[in-house]
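Asks: Residue numbers (the working numbering): 130 to 318. Quick reminder that beta carbons are idealized off the backbone N, C-alpha and C, glycines included. Quick caveat, the model's predicted, so the values are computed rather than measured. Quick one: structure below, then a few questions.
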Ligand code: HEM
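What follows is the structure in structure tokens.
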């Protein structure tokens, strides 16, 4: 690479950026809602929050499908050339794990609710089928799966955010800029 030409990172396309930030904000809201709601005393309010949590989680699941399909059609732009092969392999593994968890966390919640015999109603109006028959023991196992997958997700989100900040402020290689909203019309093409 000619080091006299300043490197300009190629951004993600606008739909990829939108899906990334939409899902990120929804997941963080869901984590807060999830830990908040379980500590509430039993009341109609608690049941309403549980219902919101469940249909919002299903919405994340659907958006994750859209995101993966979009990603297959529009692959991520190349990483900046100064990133080592080992670092790019680690980034790939971290991103793959994050993608997997955006499916595994809501699916474990849906399976758990099904096993506990509490149907999920999307947006409070569309009843969704239970994925498995009612079984209290399996429900308890799926509850601990849901909780543990959430802790794994939190660890990965923290690692992901820290790496993005390291690239931005220590390596200064423009990696984070690729995912930030762009107001430059040329980047939208
Ligand atoms: C990305 C999506 C999701 C995230 C980030 C998420 C996160 C969480 C968190 C942090 C908790 C608290 C765990 C604890 O007890 O410490 C929780 C609990 C729960 N989640 Fe989710 N969740 C998601 C999707 C879903 C879905 C799709 C459903 C069901 C359709 C669901 C059903 C539940 C239920 C029923 C609980 C309460 C379990 C209990 O009674 O202790 N979640 N979730």
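Identify whether residue 138 lies in helix, strand or coil by the three-state DSSP scheme.
Replies: Taking the first residue of the chain shown as 1, we reach residue 138 at position 9. Residue 138 falls in the coil class under three-state DSSP.
Asks: Counting Cβ pairs, one atom from each stretch, are 3 or more of them under 8 Å apart for the stretch 254 to 261 and the stretch 225 to 232?
Replies: They do not touch, by the three-pair rule.
Asks: Looking at residue 234 and the ligand HEM, is the gap between the Cβ and the nearest heavy atom below 7 Å?
Replies: Here residue 234 refers to the residue found at position 105 of the chain shown. Yes, the ligand HEM has a heavy atom inside 7 Å of this Cβ.
Asks: Count the other CB atoms, across all protein chains shown, that sit within 10 Å of the CB of residue 217; report buried if there are 16 or more and exposed otherwise.
Replies: For the purposes of this step, residue 217 is taken as residue 88 along the chain shown, with counting starting at 1. Classification of residue 217: exposed, given that the 10 Å Cβ count is below 16.
Asks: Is it buried or exposed for residue 234, if we count other Cβ within 10 angstroms and need 16 for buried?
Replies: In the chain shown, residue 234 corresponds to position 105, counting from 1. Result: buried.
Asks: Could you check which residue in 168, 252, 214, 179 has the C-alpha nearest to that of residue 238?
Replies: Translated into positions along the chain shown, residue 238 becomes position 109. Looking at the Cα atoms, 179 is the closest of the given residues.
Asks: Check whether the Cβ of residue 238 lies closer than 7 Å to any heavy atom of the ligand HEM, and answer yes or no.
Replies: Position 109 of the chain shown, counting from 1, holds the residue named residue 238. Under cutoff, so the answer is yes.
Asks: With a CB to CB cut of under 6 Å and the five nearest residues on each side skipped, what residues in its chain are close to residue 245?
Replies: Mapped onto the chain shown, residue 245 falls at position 116. The answer, listed in chain order, is 268.
Asks: Using 7 Å as the cut-off, classify the Cβ of residue 163 as near or not near the heavy atoms of the ligand HEM, replying yes or no.
Replies: Indexing the chain shown from 1 puts residue 163 at position 34. Yes, the beta carbon of residue 163 sits closer than 7 Å to at least one heavy atom of the ligand HEM.
Asks: When you measure from the CB of residue 149 to every non-hydrogen atom of the ligand HEM, does any distance come out below 7 Å?
Replies: By 1-based counting over the chain shown, the position of residue 149 is 20. Not under cutoff, so the answer is no.
Asks: Consult DSSP for residue 250 and reduce its assignment to one of helix, strand or coil.
Replies: Start at 1 with the first residue of the chain shown, and residue 250 comes out as number 121. If DSSP states are grouped into helix, strand and coil, residue 250 belongs with the strands.
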